[in-house]
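Chemist: Have a look at this one before I ask anything.
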Amino acid sequence: MVRLRLSELIVNRTVAGVRAAESNYVFLSPPEQLKTRLLGRRFLEILRHGKYLLLALDDHSRLLVHLGMTGQLFTSSALSPRLHNARSQPKPNANGAFTPDQHTHLTLSFTDNRAQLHYRDCRKFGKLLWLPQGASDPRLERLGVDALAVTATTLYKALSSRSVPVKSCLLDQSVLAGVGNIYADEALFQARVAPLRPARSVNYEQAKILTQAIRRVLKKAILRGGSTIDDYVHPDGSEGQFQNSFSVYGREGKACPRCRTPIQRVVIGQRSSHFCPKCQC
DNA sequence: ATCGTTGCCTGAGGGC
DNA sequence: TGCCCTCAGGCAACGA
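The opening residue of the first sequence carries number 1 in my numbering; numbering runs sequentially from there.
Structure below.
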């Protein structure tokens, strides 16, 4: 969804100015290099693999972007309380528009003088990396097949060799790229598979159902514009709506939408996991 | 090859 | 009021 909306906002625009923060945890490329390499470049298209965005430039270099948990990519015309009142409270300027604060790591302005693009991440879990023409990165090379393209056979093979909980496998980006904590819980619920089950105990038929559930959950989430909990916003400042459709995630103690049994929460691999103890086995 | 743990990072919220 | 603690989680790196 970010890819789609961002495409509308920056494809075919040419960078006229780059403001980068001091070197910090989000900069895998030195800020000075980003300034030099992005200036004067035009965006051709935006691609996505798993949770990574690839912004293709007209010199065939690419800007790799990961939003982490709290990363925000949006334009200066975006108006959202998520930008003005959420974490760290950046203040709107006199026009009510966003002005870069201490968490805004990169700002691009364009030759058409229309809205700027900001990259903001208060927890610095996101990443920015400039890739020369033809270059890749281990982060990309390691990724498994994109979750929206996964087949039952691929998922079954990946699960069958592992003893860890199936939930941990779904979160492993080298197995399946693009599934995060929320969507893993929701997909396991849809497929009626308990998150703690050893991955290798999932048979082919169940892997097939799980594959379909993953695709369905992700597609529905994209359709609803993603999940806004604390920080997530679209490039235009609007918010996702999928958080209103959660069946299990964040619903500990509340009724399972299928059988009314209270949803349970357990910690798996340091991640909170939510499931229905009756429906999922 | 697989597995479990730790560190990175900031803000919110709870307890005292 | 203020201080300390825990929690949120995507991912790399490490040792076993």
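The beta carbon of each residue, even a glycine, is placed where N, CA and C say it ideally should be.
Ends of the alpha helix (DSSP H) at R265?
Modeler: First-last for R265: Q264 to I268, but that is the beta strand (DSSP E), not the alpha helix (DSSP H).
Chemist: Please look up how many angstroms separate the CB atoms of A135 and L218, rounded, as I've assumed it's under 8 Å.
Modeler: Contact between A135 and L218 does not hold, since their C-beta atoms are separated by about 29 Å, which reaches or exceeds 8 Å.
Chemist: Given this structure, state the Cα-to-Cα distance separating S77 from P235, to the nearest angstrom.
Modeler: 9 Å
Chemist: By Cβ distance, which residues of its chain are closer than 6 Å to R120, with the 5 residues on each side in sequence left out?
Modeler: Q72, H103 and T104
Chemist: Determine the burial state of K127: buried for a count of at least 16 other Cβ atoms within 10 Å of its Cβ, exposed for fewer.
Modeler: buried
Chemist: Measure the alpha-carbon distance for K4 versus D231 and round it to whole angstroms.
Modeler: It should be noted that the sequence gives Leu, not Lys, for residue 4. Going by the C-alpha atoms only, they are around 19 Å apart.
Chemist: Tell me the rounded alpha-carbon separation between K51 and V11.
Modeler: Their backbone Cα atoms lie some 20 Å apart in a straight line.
Chemist: So for I209, helix, strand or coil by DSSP?
Modeler: Reduced to three states, the DSSP call for I209 is helix.
Chemist: Out of C279, R260 and G250, state which residue places its alpha-carbon closest to the alpha-carbon of S272.
Modeler: If we check each option's Cα against that of S272, G250 comes out closest.
Chemist: Identify every run of the alpha helix (DSSP H) within the segment 93-165, keeping only runs that are complete inside it and at least 4 residues long; order them along the chain.
Modeler: As far as the segment 93-165 is concerned, its whole alpha helix (DSSP H) runs of at least 4 residues are 138-141 and 152-160.
Chemist: Could you pull the start and end residues of the alpha helix (DSSP H) that T36 belongs to?
Modeler: P31 to L38
Chemist: Let me check one thing: in DSSP terms, what residues is T75 bridge-paired to?
Modeler: Its beta-bridge partners are L117.
Chemist: Does DSSP classify K220 as helix, strand or coil?
Modeler: helix
Chemist: Report the residue from V166, G237, I222 and L9 whose alpha carbon sits nearest the alpha carbon of N203.
Modeler: V166
Chemist: For the structure I just gave you, are there three or more beta carbon pairs, one from the segment 154-174 and one from the segment 198-217, closer than 8 Å?
Modeler: Contact between the segment 154-174 and the segment 198-217 is present: 3 or more CB-CB pairs across the two stretches fall below 8 Å.
Chemist: Over what stretch of residues does the beta strand (DSSP E) that includes L67 continue unbroken?
Modeler: First-last for L67: undefined, no H or E at that position.
Chemist: For F189, report the span of its alpha helix (DSSP H) as first-last.
Modeler: N181 to A191
Chemist: Give the C-beta separation of L143 and Q173 to the nearest angstrom, bearing in mind that I take them to be a contact with Cβ-Cβ under 8 Å.
Modeler: 6 Å
Chemist: Among all the DSSP beta bridges, which residues are the ones paired with I214?
Modeler: Answer by DSSP bridge pairing: none, since I214 is not bridged.
Chemist: Let me know if S23 comes out buried or exposed under the rule of 16 or more other beta-carbons within 10 Å of its beta-carbon.
Modeler: exposed
Chemist: May I ask you to report which of helix, strand or coil DSSP gives F246?
Modeler: coil
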